[in-house]
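One structure is given below, encoded as structure tokens.
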Amino acid sequence: MNVQVIRLEDSREPPARLRPALEAGVAEGVEFVERLERDWRDGSNRFDAPGEAFLVACRGDVTVGFAGLNRDPFTANLTTGRLRHVYVVPAARRVGVGDALVRSVLEAAIGSFERVRLRTSSPDADRFYRALGFERIDEDAATHSIVLRAGP
């Protein structure tokens, strides 16, 4: 699948190009998709603080997934980022879209964060993140972590 990952800039409303992917997530009952839209609209999280990013995966003009990077709000360590809201529409799963999104987020994190954490309770997500180099951890508010390495 030919997919392009791009970085979205801040806006007051979630960009219109996200609408179909957001609707797919809501239809699946993915709670964090609803939270993403709510937080974006009320301004509590637009992925626009220093070092943060929001990326979308597109196939042509169609958004097939998205992922965000925030400073981890669950730690006082300012060099720890948090992978948030990774979602891929059902028709685009298991063809590398999620890999491309997460790898792009980690690349965007280099220079701003030394480590990126996340939380998941899904066994499938656990396998997915471990295959990408994340390690399981037992920390408050996080289940997985990866130390970033600058350079090749």
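Numbering-wise (our numbering), the sequence shown opens with residue 47 and increments by one.
Note that the Cβ used here is the ideal one computed from N, Cα and C, for glycine as well.
This structure is a prediction, so every number in the text was calculated from the model and none was measured.
Any idea which residues DSSP pairs residue i with across the strands?
i, result
"V193", "R161"
"N9", "Because the chain spans 47 through 198 in this model, residue 9 falls outside it and cannot be assessed."
"I183", "Partner(s): none; I183 has no beta bridge."
If we ignore side chains and look at the alpha-carbon of each, how far apart do residue i and residue j end up?
i, j, result
"A155", "E98", "8 Å"
"V148", "V162", "11 Å"
"R130", "G114", "5 Å"
"E74", "V135", "9 Å"
"P198", "E153", "Residue confidence for P198 is low, a pLDDT of 46 falling below 50, so the modelled location carries little weight; the figure read from the coordinates is stated next. Those two C-alpha atoms are separated by around 11 Å."
"R105", "T125", "33 Å"
"A103", "V79", "15 Å"
"Q50", "R139", "15 Å"
Output needed for residue i: all residues of its chain with C-beta closer than 8 Å, excluding positions within five of it in sequence on either side, in chain order.
i, result
"R176", "R182 and H190"
"A168", "In the sequence on display, residue 168 carries Ser and not Ala. Taken in chain order, the list of residues that qualify is empty."
"D172", "T166, R182, T189 and H190"
Taking the continuous alpha helix (DSSP H) assigned at residue i, which residues delimit it?
i, result
"E83", "E77 to D88"
"R176", "P169 to A177"
Could you give the residue range of the beta strand (DSSP E) that holds residue i?
i, result
"A99", "A99 to R105"
"L64", "Taken as a continuous stretch (DSSP letters only), L64 belongs to no beta strand (DSSP E), as it is neither H nor E."
"L45", "In the structure displayed, the chain extends from 47 to 198; residue 45 sits before or after that span and is not available."
"R53", "Q50 to L54"
Suppose the cutoff is 7 Å on Cβ atoms and the five residues either side in sequence are ignored; what does the same chain contact list for residue i look like?
i, result
"V132", "A113, G144, L147 and V148"
"N48", "R105"
"V76", "Y133"
Between residue i and residue j, how many whole angstroms is the CB-CB distance? I'm expecting something under 8 Å.
i, j, result
"A67", "G111", "7 Å"
"P96", "S158", "7 Å"
Taking Cβ positions only, does residue i come closer than 7 Å to chain D?
i, result
"L101", "Any reference to chain D falls outside this structure, which holds one protein chain only."
Can you give me the Cβ contacts of residue i inside the same chain, cut-off strictly under 6 Å, excluding the 5 residues immediately before and after it?
i, result
"D186", "none"
"F180", "H190 and I192"
"L31", "The chain is shown from 47 up to 198; residue 31 falls before or after that span and cannot be answered."
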